[in-house]
Amino acid sequence: MKPNLLKTFKGTMAIAGVMLAGINTASAQVGIGTKTPDQSAMLDVFANNKGLLVPRVALVSVTDAVTIPTPATSLFVYNTNPNITGAVGVGFYYNSGTPAVPRWSRLSPDGTAWVIGGNKGTNPVNHFIGTTDNADVVMKRGGQEVMRFYSGGHMIATGEVANAPVPVNGSGTRMMYLPAGKGGAFRVGTVNGTQWSEALIGISSFASGSSTTASGAYSFATGGSTTAEGLGSFAAGTNSKASGAASVAMGTSAIADKGGVAIGENVKATGIAATAFGSNTTASGGHSTALGQNTTASGEQSIAIGFGAIASANNSISFGFNTSALGPQAMAFGNATGAGGTNSASFGFNTKSLGAQAVSFGSGSEAHGDNSIAMGQSASFGNNSFAGGNNSSTSGTGIASIAFGNNAAAQGSGSAAFGSSTIASAAASISLGDNTAATGNASFAAGEGTLSRIRSSAVVGRYNIDSIVASPIVTGGNTKAFVVGNGTNADNRSDAFFVRYNGNTTVSGSLTVGGTTGTPINSIIKVNPIINFAAMGPAGNDGAVSISTIPVANVKMGATVLFSPTEAAGLPNGVVVAWARVNADGFVQIALTNTSNIPRDPINLEYSITIFQ
Numbered sequence: 014m015k016p017n018l019l020k021t022f023k024g025t026m027a028i029a030g031v032m033l034a035g036i037n038t039a040s041a042q043v044g045i046g047t048k049t050p051d052q053s054a055m056l057d058v059f060a061n062n063k064g065l066l067v068p069r070v071a072l073v074s075v076t077d078a079v080t081i082p083t084p085a086t087s088l089f090v091y092n093t094n095p096n097i098t099g100a101v102g103v104g105f106y107y108n109s110g111t112p113a114v115p116r117w118s119r120l121s122p123d124g125t126a127w128v129i130g131g132n133k134g135t136n137p138v139n140h141f142i143g144t145t146d147n148a149d150v151v152m153k154r155g156g157q158e159v160m161r162f163y164s165g166g167h168m169i170a171t172g173e174v175a176n177a178p179v180p181v182n183g184s185g186t187r188m189m190y191l192p193a194g195k196g197g198a199f200r201v202g203t204v205n206g207t208q209w210s211e212a213l214i215g216i217s218s219f220a221s222g223s224s225t226t227a228s229g230a231y232s233f234a235t236g237g238s239t240t241a242e243g244l245g246s247f248a249a250g251t252n253s254k255a256s257g258a259a260s261v262a263m264g265t266s267a268i269a270d271k272g273g274v275a276i277g278e279n280v281k282a283t284g285i286a287a288t289a290f291g292s293n294t295t296a297s298g299g300h301s302t303a304l305g306q307n308t309t310a311s312g313e314q315s316i317a318i319g320f321g322a323i324a325s326a327n328n329s330i331s332f333g334f335n336t337s338a339l340g341p342q343a344m345a346f347g348n349a350t351g352a353g354g355t356n357s358a359s360f361g362f363n364t365k366s367l368g369a370q371a372v373s374f375g376s377g378s379e380a381h382g383d384n385s386i387a388m389g390q391s392a393s394f395g396n397n398s399f400a401g402g403n404n405s406s407t408s409g410t411g412i413a414s415i416a417f418g419n420n421a422a423a424q425g426s427g428s429a430a431f432g433s434s435t436i437a438s439a440a441a442s443i444s445l446g447d448n449t450a451a452t453g454n455a456s457f458a459a460g461e462g463t464l465s466r467i468r469s470s471a472v473v474g475r476y477n478i479d480s481i482v483a484s485p486i487v488t489g490g491n492t493k494a495f496v497v498g499n500g501t502n503a504d505n506r507s508d509a510f511f512v513r514y515n516g517n518t519t520v521s522g523s524l525t526v527g528g529t530t531g532t533p534i535n536s537i538i539k540v541n542p543i544i545n546f547a548a549m550g551p552a553g554n555d556g557a558v559s560i561s562t563i564p565v566a567n568v569k570m571g572a573t574v575l576f577s578p579t580e581a582a583g584l585p586n587g588v589v590v591a592w593a594r595v596n597a598d599g600f601v602q603i604a605l606t607n608t609s610n611i612p613r614d615p616i617n618l619e620y621s622i623t624i625f626q
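Structure follows, in C-alpha cells:
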C-alpha cells in the first residue's frame with residue numbers, strides 16, 4: 014500500500030470511530046449526541062448549539078411530483094421556492110398525499126394559522142381567511158356546506174334542514190339569515206321582545222330596524238316597531254302596521270288592511286284595496302281613497318281629498334276644505350260645501366244640495382228639492398226648481414219653479430220670478446222686474462212695483478192700483494184682467510189702462526184712435542164662445558199644448574186678441590194661455606199650455622174673446 018493511501022485510510026477510520034462513539038444503538042434506537050435516546054423515538058438527536066438541517070428543495074407547486082420522484086407520504090422537506098403555486102412561499106412542507114399523487118402541505122409559522130381559541134396580533138393588511146388561488150372558500154357545519162364564497166365577491170348561504178329552528182329568540186341586537194326552515198328570512202337590528210322569535214318570523218320575510226315584526230309570509234318590515242302581518246305585506250316607518258295580504262303601511266302610526274295602502278301620519282286604509290295618504294286620513298270603504306289632512310272616505314268607491322273632507326256614501330266625492338259628500342253618488346267641491354242628496358252636487362262656498370239630483374253653486378246657496386238648482390246666494394226648496402242670484406229662493410210648494418236675480422222668490426208650482434225683490438207665489442205665476450208680485454194663479458206682473466193678484470191677470474208698468482182679493486184663484490166678472498200701471502211709488506199707485514173680464518175697458522187719460530202716432534183701432538169685436546180644449550199632457554211633453562180654432566166673423570190677420578175665461582172655475586191649475594192670434598184664414602186661434610207635472614183636461618167653458626183691429 015502506498016504511503017499516502019494508507020494515511021488517508023487511517024484518517025477515515027479515526028473519524029468513523031469518533032462518530033460511532035457518539036451513537037447509541039441500544040434497543041434498536043438511534044441516538045445522536047445522547048447515549049439514552051427517548052424510548053418513544055427511533056431517532057433522538059441532542060445538541061446544545063446545533064440544529065437539524067433537513068433537505069432543501071425548490072418545489073414548483075403543491076402537487077409537484079417531479080422535483081422529488083415518488084415522494085413517500087409524510088416526506089418532510091424545506092421549500093426554497095418563494096413562488097410555489099398553490100401555497101405561500103418558502104417554508105417547511107410535507108407530503109400529505111401519496112407517492113403517485115403528492116400533496117405538499119405547508120407547516121404554518123407561529124401566528125399565521127387561525128386557531129379555534131382565537132388569534133392575537135393580527136394585521137388586516139397581511140392576515141386573512143381564504144385562499145390565494147382561484148378556488149372557492151367553503152364553510153361547513155356538521156360536514157354540510159352552509160356558505161360558499163365565489164370569485165368576484167359572490168356569496169351563497171344555503172340551508173338543507175327543512176325544519177331548522179331559529180337559533181336565537183328573545184331581545185337583543187343581531188343579524189340572522191335563515192335559509193333553512195324559514196325560506197331565507199332575514200333579520201337585522203335590535204328587538205326588545207319576541208318580535209324575532211320562531212312564531213313571528215314569516216317564510217321568506219325581511220325585518221330590519223328596532224323591534225320590527227314580519228310575521229306574514231314574504232312580508233317586509235323596517236323602521237321602528239313596525240309590523241307586517243299579511244301575506245306579502247309591507248310596513249315601514251314608526252309604529253306602522255300592515256295586517257292584510259298585499260297591504261302597505263308607511264310613515265308614523267300608519268295602518269293598512271285588506272290590500273290597502275296607508276302612507277303618512279296616523280293614516281288608516283282599512284277598506285278592501287283602500288288608499289289613505291297624508292295626515293289623520295281614513296279610507297274605510299272598499300276601494301276608497303282619502304288624501305290630505307283629516308279626510309275620511311267611508312263609502313264604497315268614495316273619494317275624499319283636501320282638509321276635513323268627508324265622503325261617507327257609496328261612490329261619493331268630496332274635494333276641498335271641510336266639504337261633505339253624504340249622499341250616494343254625491344259630489345261636494347270647494348269650501349264648507351255639502352251634498353246630501355242622491356246624485357247631488359255642491360260647488361263653491363258654504364253651499365248645500367240636499368235633494369236628489371240637486372245642484373248648488375256659489376256662496377251660501379241651498380238646493381233642497383229633488384232635481385233643484387241653486388246658484389249664487391240663493392235657496393231652492395221645491396222639486397225641479399231653480400234659484401239663482403242673491404238671496405233668491407223657491408219654496409217647498411214651488412215645484413218646477415224658477416227664481417233668478419236679487420231676492421227673487423218663486424213660491425208657486427210652475428212659477429217664475431226674475432229680477433230684484435220679485436215674488437211669484439201662485440201656481441204658474443210670473444213676476445219680472447223690480448219689486449213686482451204675481452200672487453194669482455197664472456198671473457203675470459212685470460215692471461216696477463206692479464201687483465197681479467187676479468187669476469190669469471196681467472199687470473205691466475209701474476205701481477198699479479192693488480186689487481185686494483181673498484184668494485189667488487178669483488177671476489172673471491168685474492175683476493181686472495189686464496192692467497197698465499203708471500204710479501210713482503208704493504204710496505202713490507194708479508192705473509193708466511185696464512180691461513176687466515167682462516170686457517169693460519178703462520183708460521185714465523185720453524184714447525186716440527187713428528192720428529199720426531200709434532196704430533189706429535178701426536173696430537173692436539167681442540165674442541163669448543164655449544170652447545172644449547183637448548186634454549194636455551204634463552209639462553215638457555209634446556201633448557202639453559192644446560190649440561183651439563174659433564170662427565169669428567170679420568176678423569183680420571194681425572189683429573190683437575184678448576182671451577180669458579168668463580166662468581169662475583177658470584182654467585185648471587197649471588194651465589195658462591200661451592198665445593192668441595188671428596191666422597191667415599181669418600180664424601181666431603187660442604193656445605193653452607200645461608205647466609204642471611200632471612195631465613190637465615180643461616172642461617167646457619165660456620171664454621171672452623176681444624179682437625182689436
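Residue numbers (our numbering): 14 to 626.
Here a beta-carbon is modelled for each residue, glycine too, at the ideal position from N, C-alpha and C.
Per DSSP, what are the beta-bridge partners of residue i in this structure?
i    : result
P578 : Y620
G202 : R187, G222
W592 : A604
N502 : N505
P564 : F600
A296 : A282, A310
When you compare the CB positions of residue i and residue j, do they come within less than 8 Å of one another, or not?
i    : j    : result
S391 : G402 : yes
L339 : S325 : yes
S223 : T203 : yes
A430 : A422 : yes
T355 : A369 : yes
A230 : L244 : yes
G333 : G351 : no
A509 : N499 : yes
G264 : S253 : yes
What's the gap between the Cα of residue i and the Cα of residue j?
i    : j    : result
E619 : T452 : 24 Å
W592 : G427 : 18 Å
Q314 : S561 : 55 Å
A459 : G312 : 49 Å
A413 : T251 : 57 Å
N293 : N136 : 56 Å
R466 : S559 : 25 Å
V150 : T239 : 37 Å
Q342 : N307 : 21 Å
N586 : N607 : 9 Å
S438 : Q424 : 4 Å
V43  : V179 : 59 Å
V280 : F247 : 15 Å
N491 : Y514 : 6 Å
S405 : G550 : 30 Å
A34  : A54  : Here A34 scores only 46 on pLDDT, less than 50, and its place in the model should not be relied on; the value that follows carries that caveat. The straight-line gap from Cα to Cα measures roughly 20 Å.
D383 : S357 : 9 Å
Taking all protein chains shown into account, do 16 or more other C-beta atoms lie within 10 angstroms of the C-beta of residue i, making it buried, or fewer, making it exposed?
i    : result
W209 : buried
I616 : exposed
N567 : exposed
M188 : exposed
K63  : exposed
D51  : exposed
E242 : buried
E379 : buried
A39  : The predicted position of A39 is uncertain, since its pLDDT is 47 and thus under 50; a value taken from the coordinates is nonetheless stated next. By the neighbour-count rule (16 or more Cβ atoms within 10 Å), A39 is not buried but exposed.
Y190 : exposed
R613 : buried
K569 : exposed
T226 : buried
G375 : buried
Excluding five sequence neighbours on each side, which residues of the same chain lie with their C-beta closer than 8 Å to the C-beta of residue i?
i    : result
V73  : V79, T80, N94, I97, T98
S469 : G453, N454, A455, S456, T488, A494, S577, P578, G583, L584, V589, V590
M168 : M160, R161, F162
Enumerate in chain order the residues of its own chain whose CB-to-CB distance from residue i is below 7 Å, with the five nearest sequence positions on each side excluded.
i    : result
R594 : V574, Q602
Q464 : The sequence shown places Leu at residue 464, rather than the Gln named in the question. Contacts found: A450, A458, V472, N477, D479.
I'd like the list of long-range same chain contacts for residue i, defined as Cβ closer than 6 Å, with 5 residues on each side in sequence excluded.
i    : result
N448 : S434, G462
R69  : Y91, T93
S329 : G312, S315, A338, A343
S297 : T283, G284, S311
I624 : I538, V568, A572, V574
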